[in-house]
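Structure, as structure tokens:
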Amino acid sequence: MEGDIAQLGQFVGAGLAAIGSGAAAIGVGHVAGNFLAGALRNPSAAAGQTATLFIGIAFAEALGIFAFLVALLLMFAV
Amino acid sequence: MEGDIAQLGQFVGAGLAAIGSGAAAIGVGHVAGNFLAGALRNPSAAAGQTATLFIGIAFAEALGIFAFLVALLLMFAV
Amino acid sequence: MEGDIAQLGQFVGAGLAAIGSGAAAIGVGHVAGNFLAGALRNPSAAAGQTATLFIGIAFAEALGIFAFLVALLLMFAV
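Put into structure tokens, the structure is as follows:
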């Protein structure tokens, strides 16, 4: 058995971080899903809430991209 | 016992990253599911929300593709 | 087999912390999603609840950023 045990940690850690990236998509789905449910019930109000839709998506997406960033850092930076 | 322990980490990490890819599908399902629930209640409004449906799917899908990318990088790039 | 086993722990821990970052996005998605669901049902009341939306997003987002911070500290500070 050879190889650097710290590198094992980097690769397993990157895989774990990618779970976080996927989990954030659940949050993004909640935002967009609820917007669609409401917009289809009351289409005339949809245009006024588009900004809120993108704010909600942006905040949830940011956390997923942070997790993806951790994965990239673990693979290529540390 | 022989073999490179860092390679063990690559393979376990790639498997973990694939969990993230699958978790993102929950988010995509929320978006498309809520669209369908609303569109079937109010079919006349569905056409006007198709763009929002694809925006929501795209953002959630992106996070799942990031996780899939981490899995691919772990297997073939690092 | 060579390498520092404490470093293995740092990198695996950073990956685990990134899951927390992604999980916080589920909370952010609940806040923004429910705001949108309500705002589209009663658009005239939406403007009065925008402050609450951002308070909810901020508190949920903060926890995700704490998790991201733990990942960064594990990789670069400890």
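Protein chains in written order, with full-length UniProt numbering: chain A, 1 to 78; chain B, 1 to 78; chain C, 1 to 78.
Virtual Cβ for every residue (Gly too), placed ideally from N, Cα, C.
Since this is a predicted model, take the numbers as computed values, not measurements.
By the CB criterion at 9 Å, Met1/A and Val70/B fall outside the cutoff. In the DSSP assignment, Glu2/C is bridged to Asp4/A. Taken through DSSP and simplified to helix, strand or coil, Val70/B comes out as helix. Taking CB atoms only, Phe11/C has a neighbour in chain A less than 9 Å away. Ranked by Cα distance from Phe59/B, the first of Pro43/B, Gly48/B, Ala25/B is Ala25/B. By the neighbour-count criterion, in which 16 or more other beta carbons inside 10 Å mark a residue as buried, Ile57/A falls on the buried side.
Around the CB of Ile5/C, fewer than 16 other CB atoms lie within 10 Å, so the residue is classed as exposed. Here Gly38/B is buried. Its C-beta has 16 or more other C-beta atoms within 10 Å. Cα atoms of Ile19/B and Ile19/A: separation of roughly 6 Å, rounded to the nearest angstrom. Chain order gives the chain C residues near Ile5/B as Met1, where near means a beta carbon separation below 8 Å.
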